[in-house]
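Visitor:
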Amino acid sequence: MKKFLFLILILYVISLAQTSFFVPFSISGELPNLILIFVIFFVLLEDPKENLGFFVSLFGGLFIDIFSSHLLGTTTILLLITAFLLKKLSYSLKKMTFFWFSLLSLAALIFYKLFLDFILYFIQEPALKIDYFRISPGTLLSVELIYSFVLLLVGFHLIDFFKKYVRFLSKKT
Numbered sequence: 024m025k026k027f028l029f030l031i032l033i034l035y036v037i038s039l040a041q042t043s044f045f046v047p048f049s050i051s052g053e054l055p056n057l058i059l060i061f062v063i064f065f066v067l068l069e070d071p072k073e074n075l076g077f078f079v080s081l082f083g084g085l086f087i088d089i090f091s092s093h094l095l096g097t098t099t100i101l102l103l104i105t106a107f108l109l110k111k112l113s114y115s116l117k118k119m120t121f122f123w124f125s126l127l128s129l130a131a132l133i134f135y136k137l138f139l140d141f142i143l144y145f146i147q148e149p150a151l152k153i154d155y156f157r158i159s160p161g162t163l164l165s166v167e168l169i170y171s172f173v174l175l176l177v178g179f180h181l182i183d184f185f186k187k188y189v190r191f192l193s194k195k196t
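Residue numbers (the numbering used here): 24 to 196.
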């Protein structure tokens, strides 16, 4: 129970930080989706037999929906689908290497971006639908996607470094 409450608190702090603190760090007006990044980390780096990543994606999606103008439940369902696909793909891997982490996280970012744009195209007002959804290299290589991907790669290396450091300290004592 404490673990669930702690994760909800972390997701709440991340969503508040994304909507307030990290706004000055935008590049061309784009911010990385920190909750999506947290969900990807959590799903790919947890034990493949555990299902806590679905809990994280459920509450992460709810916080994104609450703090955005999207229809409530849109991002929640999309994050749950993304977590499910990542879990299925990572289940077949024996170890999460940098290559597989990079490939799966990039695929998750592209999947999330494309389907969110696709869903939002159909649920917004007709006057706003002009040229909103176009699949192009610009859509796939958006600043938000690249920004999020770089943060994922840096985060993976930091987590790997801390794991090795903890192992080193435990061997030393």
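Backbone N, C-alpha and C fix where the C-beta goes; we use that ideal spot for every residue, glycine too. These figures come from a predicted structure and were not determined experimentally.
Is Glu69 helix, strand or coil by DSSP?
Guide: By 1-based counting over the sequence shown, the position of residue 69 is 46. Correct three-state label for Glu69: coil.
Visitor: Select from Leu132, Ile87, Pro47 the residue whose C-alpha is nearest the C-alpha of Val36.
Guide: For the purposes of this step, residue 36 is identified with residue 13 of the sequence shown, where counting begins at 1. For Val36, the nearest C-alpha among the options comes from Ile87.
Visitor: Assign Pro55 to buried or exposed, taking buried as 16 or more other Cβ atoms, counted over all protein chains shown, within 10 Å of its Cβ.
Guide: Locating residue 55 in the sequence shown gives position 32, counting from the first residue. Pro55 comes out buried.
Visitor: Count the other CB atoms within 10 Å of the CB of Gly96; is the residue buried (16 or more) or exposed (fewer)?
Guide: If you number the sequence shown from 1, residue 96 lands on position 73. Result: exposed.
Visitor: Between the alpha carbons of Phe185 and Ile146, how many angstroms are there, rounded?
Guide: Numbered from its first residue, the sequence shown carries residue 185 at position 162. Numbered from its first residue, the sequence shown carries residue 146 at position 123. If you take the alpha carbons of Phe185 and Ile146, they lie about 43 Å apart.
Visitor: List the DSSP bridge partners of Ile50.
Guide: On the sequence shown, position 27 is the one that residue 50 refers to. For Ile50, which the question treats as bridged, DSSP gives the partners Glu53.
Visitor: What are the boundary residues of the alpha helix (DSSP H) that includes Leu126?
Guide: Here residue 126 refers to the residue found at position 103 of the sequence shown. Segment 121-146, the alpha helix (DSSP H) holding Leu126.
Visitor: What's the C-alpha gap between Ile60 and Ser38?
Guide: Residue mapping note: residue 60 aligns to position 37 of the sequence shown, counting from 1. Residue mapping note: residue 38 aligns to position 15 of the sequence shown, counting from 1. Near 11 Å, if we compare the C-alpha coordinates of Ser38 and Ile60.
Visitor: Rounding to the nearest angstrom, what Cα-Cα distance links Val173 and Phe45 in this structure?
Guide: Within the sequence shown, residue 173 is the residue found at index 150, counting from 1. Within the sequence shown, residue 45 is the residue found at index 22, counting from 1. When rounded, the separation of the alpha-carbon atoms in Val173 and Phe45 is 16 Å.
Visitor: What do you reckon, is the C-beta of Gly178 under 7 Å from a heavy atom of the ligand SAH?
Guide: What this structure holds is no ligand at all, so the ligand SAH is not there to describe.
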